[in-house]
Amino acid sequence: MDFRQIQDLIKMINKSNIGELTIEEGEFKITIKQKKDEKLVYAQAPAMAAAPVAQAPAMVAPASTSAVPADDKAAAPAKTDNLLTIKSPMIGTFYRRPSPDKPIFAEIGDEVAPGKVVCIIEAMKLFNEIESEVKGKIVKILVEDASPVEYDQPLFLVDPA
Numbered sequence: 014m015d016f017r018q019i020q021d022l023i024k025m026i027n028k029s030n031i032g033e034l035t036i037e038e039g040e041f042k043i044t045i046k047q048k049k050d051e052k053l054v055y056a057q058a059p060a061m062a063a064a065p066v067a068q069a070p071a072m073v074a075p076a077s078t079s080a081v082p083a084d085d086k087a088a089a090p091a092k093t094d095n096l097l098t099i100k101s102p103m104i105g106t107f108y109r110r111p112s113p114d115k116p117i118f119a120e121i122g123d124e125v126a127p128g129k130v131v132c133i134i135e136a137m138k139l140f141n142e143i144e145s146e147v148k149g150k151i152v153k154i155l156v157e158d159a160s161p162v163e164y165d166q167p168l169f170l171v172d173p174a
């Protein structure tokens, strides 16, 4: 079973009401568990914490300033309510370019569309291209190049306008 098939399975499970699915093919075994009514919204990148591996694809959720204290809300830009978040679909190391001598995939101000590669996440010596699932302009990059990322960690903020 390849990575694309696993991602397709995860998407189908997310759209259904199945709580858990286990598939065994020879020595290969995968268990996919669906989160229950958890709606995580980040105003900034969260601290590193342990998280399950490969449970769901990169989710796109509206960014919010709800995590900002009340006295800081006046200083926060009003435009952040309509921003979308591109999140990490896995645990690994975040890279902004395919190799040190190649150009960066996505810069602040670049237009992205569904299917455009925005970064690479290395997991267990495999380099996985992460594609945008939204259309818009990148307004903020939330992760430093060559730094570790967790599952579902916000990577980019995108202005869909």
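If you want this note's numbering, it's the 1-based position in the sequence shown plus 13. Positions of the beta carbon are idealized from the N, C-alpha and C atoms, including for glycine. Treat the numbers as computed from the prediction; the structure is a model and nothing was measured.
Bridge partners - residue i, DSSP secondary structure assignment
i, result
"valine 125", "Gly149"
"leucine 170", "Thr98, Lys153"
"glutamate 37", "Lys42"
"glutamate 142", "Ile133"
"serine 160", "Phe107"
Residues near residue i in its chain [Cβ-Cβ closer than 6 Å; skip 5 each side]
i, result
"threonine 175", "Outside the displayed span of the chain (14 to 174) sits residue 175, for which this structure offers no information."
"glutamate 33", "Lys46"
"lysine 150", "Glu124, Asp172"
Backbone CA spacing between residue i and residue j [nearest angstrom]
i, j, result
"asparagine 30", "isoleucine 23", "12 Å"
"valine 152", "glycine 122", "6 Å"
"valine 125", "aspartate 172", "10 Å"
"valine 156", "alanine 119", "12 Å"
"valine 162", "tyrosine 108", "10 Å"
"lysine 138", "asparagine 95", "36 Å"
"glycine 128", "glycine 39", "32 Å"
"isoleucine 104", "serine 112", "19 Å"
Same chain only: Cβ atoms within 7 Å of residue i, ignoring 5 sequence neighbours per side
i, result
"phenylalanine 41", "Met14"
Close-in-space but distant-in-sequence residues of the same chain around residue i (CB under 8 Å, 5 per side omitted)
i, result
"isoleucine 143", "Ala71, Ile99, Ser101, Pro102, Val130, Val131, Cys132, Ile133, Ile134, Leu168"
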